[in-house]
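Everything below concerns the one structure shown next.
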Amino acid sequence: MLFNRYRRGLFIASFLAAPVILYAIYVISPNIQAFYMAMTDWRGVTATPNFIGLENFQRVLGDSVFWKAVTHNLGLLILLPAITIVIALFFAYLLNLGGSKGVSGIRGSTFYRVVFFFPQVLAVTIVAVLFQQVFRPDGSGMLNGPLMALGIEPVGFLSNSGIAFWSVLGVLVWQAVGFYVVLFSAGLAGIPRDVFEAAQIDGANRFTLFFRITLPLLWDTVQVAWVYLGILAMDAFAIVWVMTLQQGGPDWSTTVMAAEIYRNAFGYFRFGYASALGVVMFLFTVGFAILSLRLSRRERIEY
Amino acid sequence: MAHTPHISRRELLRGAALVPVAGALAACATPAAPPAASSSAAPVATSAANPFGVDAKKPLEVWIFDGGFGQQYATDIHQPLFKSKYAGIEVKHNSTKEITKVLQPRFAGGNPPEVIDNSGANKMDFGALAQDGQLADLSPLLDAPSWDDPNVKVRDTIDPSVIEIGTYDGKFSVVGYVNYIYGIWYSQKVFKDNGWEIPKTWDAFLALCETIKKSGKMAPFTYAGKHPQYAYEPLLTMAAKIGGKEVLVNIDNLEDGAWKQEAVKTAAENMAEIGAKYLLQGTAGLDHVQTQTAQNKYQVAMLPCGSWLENEQKSTTPEGFDYAMFPIPDITGSDALPYTTLHTAPGEEFMVSAKSAHPQAGMEYLRAMLSKKAAGEFSKLVKTVTVVKGASEGLTISSGVTSASSAVAAAGANTVYYRAFGWYGPLNDEAKAATGELMTGGLTPDAYLERMQKKADEIKNDSSIKKYKR
Numbered sequence: 001m002l003f004n005r006y007r008r009g010l011f012i013a014s015f016l017a018a019p020v021i022l023y024a025i026y027v028i029s030p031n032i033q034a035f036y037m038a039m040t041d042w043r044g045v046t047a048t049p050n051f052i053g054l055e056n057f058q059r060v061l062g063d064s065v066f067w068k069a070v071t072h073n074l075g076l077l078i079l080l081p082a083i084t085i086v087i088a089l090f091f092a093y094l095l096n097l098g099g100s101k102g103v104s105g106i107r108g109s110t111f112y113r114v115v116f117f118f119p120q121v122l123a124v125t126i127v128a129v130l131f132q133q134v135f136r137p138d139g140s141g142m143l144n145g146p147l148m149a150l151g152i153e154p155v156g157f158l159s160n161s162g163i164a165f166w167s168v169l170g171v172l173v174w175q176a177v178g179f180y181v182v183l184f185s186a187g188l189a190g191i192p193r194d195v196f197e198a199a200q201i202d203g204a205n206r207f208t209l210f211f212r213i214t215l216p217l218l219w220d221t222v223q224v225a226w227v228y229l230g231i232l233a234m235d236a237f238a239i240v241w242v243m244t245l246q247q248g249g250p251d252w253s254t255t256v257m258a259a260e261i262y263r264n265a266f267g268y269f270r271f272g273y274a275s276a277l278g279v280v281m282f283l284f285t286v287g288f289a290i291l292s293l294r295l296s297r298r299e300r301i302e303y
Numbered sequence: 001m002a003h004t005p006h007i008s009r010r011e012l013l014r015g016a017a018l019v020p021v022a023g024a025l026a027a028c029a030t031p032a033a034p035p036a037a038s039s040s041a042a043p044v045a046t047s048a049a050n051p052f053g054v055d056a057k058k059p060l061e062v063w064i065f066d067g068g069f070g071q072q073y074a075t076d077i078h079q080p081l082f083k084s085k086y087a088g089i090e091v092k093h094n095s096t097k098e099i100t101k102v103l104q105p106r107f108a109g110g111n112p113p114e115v116i117d118n119s120g121a122n123k124m125d126f127g128a129l130a131q132d133g134q135l136a137d138l139s140p141l142l143d144a145p146s147w148d149d150p151n152v153k154v155r156d157t158i159d160p161s162v163i164e165i166g167t168y169d170g171k172f173s174v175v176g177y178v179n180y181i182y183g184i185w186y187s188q189k190v191f192k193d194n195g196w197e198i199p200k201t202w203d204a205f206l207a208l209c210e211t212i213k214k215s216g217k218m219a220p221f222t223y224a225g226k227h228p229q230y231a232y233e234p235l236l237t238m239a240a241k242i243g244g245k246e247v248l249v250n251i252d253n254l255e256d257g258a259w260k261q262e263a264v265k266t267a268a269e270n271m272a273e274i275g276a277k278y279l280l281q282g283t284a285g286l287d288h289v290q291t292q293t294a295q296n297k298y299q300v301a302m303l304p305c306g307s308w309l310e311n312e313q314k315s316t317t318p319e320g321f322d323y324a325m326f327p328i329p330d331i332t333g334s335d336a337l338p339y340t341t342l343h344t345a346p347g348e349e350f351m352v353s354a355k356s357a358h359p360q361a362g363m364e365y366l367r368a369m370l371s372k373k374a375a376g377e378f379s380k381l382v383k384t385v386t387v388v389k390g391a392s393e394g395l396t397i398s399s400g401v402t403s404a405s406s407a408v409a410a411a412g413a414n415t416v417y418y419r420a421f422g423w424y425g426p427l428n429d430e431a432k433a434a435t436g437e438l439m440t441g442g443l444t445p446d447a448y449l450e451r452m453q454k455k456a457d458e459i460k461n462d463s464s465i466k467k468y469k470r
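Next up, the structure:
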């Protein structure tokens, strides 16, 4: 009996060993090495970097551009999940329960579900390049073309430092919403119909139906969405790097932590300092994950 | 890209299976000490024909940035010329659009290639390379006999600014091959058709802008708004014209208050005025190709740019457009430098890796490149002026190159340049950010200078950034 269990353990371990080793080599080890690199002045080309202790972290404190990036990430962290989840919930609700009887979707909901998912199919870089054209500031721009035809001054969606951040946020939301519509739809499908029917018989209107029944029963899914979107908000690198002017501009108005790490490493060849920024970003991300799981913890509803 | 070494997935997997786990762990992200240099053979004696002691059997590896000039010039002009003397040397030619991505690991691993055309948006930082002793000292190249004439030194065949700008820490280590000439570019046809004159003073320039604006035919001025270095270029050239070359030397050397010099202030005010009144609509969000195309479509009259413009636009320039350029006009009437003053700078920068296996051959390759034959054929192929004196003599060249060449001749010794942005990446990015804001009215000229001064001071006080002087 005992021997059997041992054999089974060995059997399982033999399957786990390969991925664990690969994970150790390609994920854990570079992470640990990044911590070490953060304490050197490595510029990327020499074979023997100098150890300088915590100097790089001291430098981070005075790096105004990086702190601007941090505020942008924090702004995204609050706005991106909130806006995306509200819109996605609204759409998912309409698609699944928006029909006249209140237990089925609105007309054509299967079609809309596919359409909502479209942005998710596109690679992030393609989305970024696409929106460069949408936001183009002259007559060839998709938004500014019609505006200029009407004789209105073109809007500098990406070139005005007061507007650019909101353009980035808009693109991120546009890209994310589809996925969460589908996610919430799946969540809604898991809620027994009779709950809604019973509530309706008791005279609940749509508003009550949504806030008293749907949202509480979907809470687990919303929580997952919040964490995923939070991670997206902490990153947001690809859209910012490809779409915005001067990769995080104009005038640093859209830059994010990941972009500053990349810029310091591959732009300025300050790999040691970039690693220090990476460690700071790592702490922010872990902090966010712990905090959000703590704050959103709730009693699980069984049905 | 066919020459890029390529590893198939199968080879990669096989390799991964062979590498012991411990070794893989140690060699992941952090740099590893280079393998001990293989015992080098006895050095080859130098001679007039072989001034660096090239080993006629050891291979030579060349990496070319595959950008605006392509890579054909290397395979069709430079390498055959080199091989004509060293038939026994195998030349490994490679090209890439992403120099850093392919070559940075080679440097960190201790086996860099010999010759690198370190150019393009993804080039390696020369400051970092210099700081780590990766740049071969090319002073022997300057004192070697030129490829064409054993009685003339290489030093005397090239533009002296190449030596000034290629020097890091007192060591000449980078060869800029192409002479970039900056100015304000226009269509001779447009100016002729409308009877517009080249402005020689700032007042005349503003009056011209006003005339063009009122004509309703096109916008007076634009620059590549997405890349505000196209706006700080005329700004700094203007500052140097007003206050003299020291203005830029002070900025490069991070002197206290360098950005607050009166000349820089006047220049910033002038550029801000153009930004506020005379720009093509949407300029701030357009890139260089979009603004250049707008000019080719006769939507805008003037554009600050460098002498690569004509070659870059050759497929979209309409017949009879006739590119030409003029220098920044006189500003105050008592400028320190004359009207003909130009910003010129050697670009398309080549280096030899100090830690490569055969730096002697690398230097010899550069010597071949700097021959009149190589440079002349290069100019013909990519329609641009090299730093080799007189190499484009007798060649039929286009209107833009002609105009740029005669501007250089007129400027004589009155050429200016700046280096701080190449030395200090963070300063460059701050200048782009701030100049963009200055041009769109987000920053007043005073606030602009304030910000630039703050960044310059920050860099000056950061002990981790190596400082350079000129």
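Listed in order, the protein sequences are those of chains E and C.
For the first sequence, position 158 (counting from the first letter as 1) is numbered 158 according to the UniProt record's numbering, and the numbering increases by one without interruption.
For the second sequence, position 356 (counting from the first letter as 1) is numbered 356 according to the UniProt record's numbering, and the numbering increases by one without interruption.
Every residue gets a Cβ at the ideal spot worked out from N, C-alpha and C, and that includes glycine.
From a predicted model like this one, the values you see are computed outputs, not experimental measurements.
Taken in chain order, the complete alpha helix (DSSP H) segments of 4 or more residues contained in the stretch 158-195 of chain C are 160-165 and 188-194.
Using a Cβ-Cβ cut-off of 7 Å, T125(E) does not count as an interface residue toward chain C, since no Cβ of chain C sits closer than that to its own. If you draw a straight line from the Cα of M39(E) to the Cα of N50(E), it comes to about 8 Å. The C-beta of D446(C) has fewer than 16 other C-beta atoms within 10 Å across all chains shown, which makes the residue exposed. Within the stretch 432-453 of chain C, contact with chain E at the beta-carbon level (separation under 9 Å) is assigned to K432, A433, A434, G436, E437, T440, G442 and L443. Using beta-carbon distances, D41(E) counts as an interface residue toward chain C, with a partner under 7 Å. For the pair G110(C) and L103(C), the Cα-to-Cα distance works out to about 11 Å. Look at the beta carbons and you see the stretch 22-38 of chain E not touching the stretch 255-266 of chain E: under three pairs across the two are nearer than 8 Å. Cβ contact annotation for E310(C) (same chain, cutoff 7 Å, sequence separation greater than five): Y323, K383, S398, G400 and V401, in chain order.
In the DSSP assignment, E197(C) falls outside any alpha helix (DSSP H) and carries neither an H nor an E.
With 16 or more other CB atoms across the displayed protein chains lying within 10 angstroms of its CB, P250(E) is buried.
Just measuring C-alpha positions, the residue of N414(C), G133(C), I184(C) and C209(C) sitting nearest V174(C) is G133(C).
Of all residues in the stretch 260-271 of chain E, only R263, F266, G267, Y268, F269 and R270 place a beta-carbon less than 8 Å from a beta-carbon of chain C.
Chain C places no beta carbon closer than 7 Å to that of D63(E), leaving this residue out of the contacts.
Those residues of the stretch 73-100 of chain C placed with their C-beta closer than 9 Å to a C-beta in chain E are T100, ordered along the chain. If you ignore the 5 residues before and after Y180(C), its C-beta comes within less than 8 Å of the C-beta of G306, S307, W308, T344, A345, P346 and G347, all in its own chain and listed in chain order.
At a Cβ-Cβ threshold of 7 Å, F131(E) and S253(E) do not count as neighbours. For W219(E), the enclosing alpha helix (DSSP H) stretches over residues L215 to D235. Leaving aside the five residues that flank E98(C) on each side, the residues in its chain whose CB is nearer than 6 Å to its CB run, in chain order, N122.
Taking a beta-carbon distance threshold of 7 Å, T71(E) does not count as an interface residue toward chain C. For S161(E), a Cβ of chain C is located within less than 7 Å of the residue's own Cβ.
Nearest to P137(E) by C-alpha distance, out of L280(C), L60(C), K467(C) and V388(C), is L280(C).
Remark: C-beta atoms of P119(E) and L229(E) do not approach each other more closely than 7 Å. Annotated three-state conformation of W202(C) is helix, per DSSP. Taking C-beta atoms as the reference points, A128(C) and F66(E) fail to come closer than 7 Å. Secondary structure of W67(E) (DSSP, three-state): helix. Secondary structure at K101(C): helix, using DSSP grouped into helix, strand and coil. For D156(C), the closest Cβ of chain E is not nearer than 7 Å. Rounded to the nearest angstrom, the Cβ distance from L245(E) to G285(C) is 7 Å, consistent with a contact under 8 Å. Excluding the 5 residues flanking it on each side, V249(C) has same chain C-beta neighbours closer than 7 Å at R470, in chain order. The alpha helix (DSSP H) runs of length 4 or more contained entirely in the stretch 335-407 of chain C are, from start to end of the chain, 359-369 and 372-382.
With respect to chain E, the C-beta atom of S464(C) has a partner C-beta closer than 7 Å. Note: F326(C) is bridge-paired with I184(C) in the DSSP secondary-structure output.
The residue from P318(C), Y278(C) and G275(C) with its alpha-carbon nearest to that of Q295(C) is P318(C). Sorting K389(C), D330(C), T100(C) and K58(C) by C-alpha distance to the C-alpha of S146(C) places K389(C) at the top. DSSP places I459(C) inside the alpha helix (DSSP H), whose first and last residues are P445 to K460.
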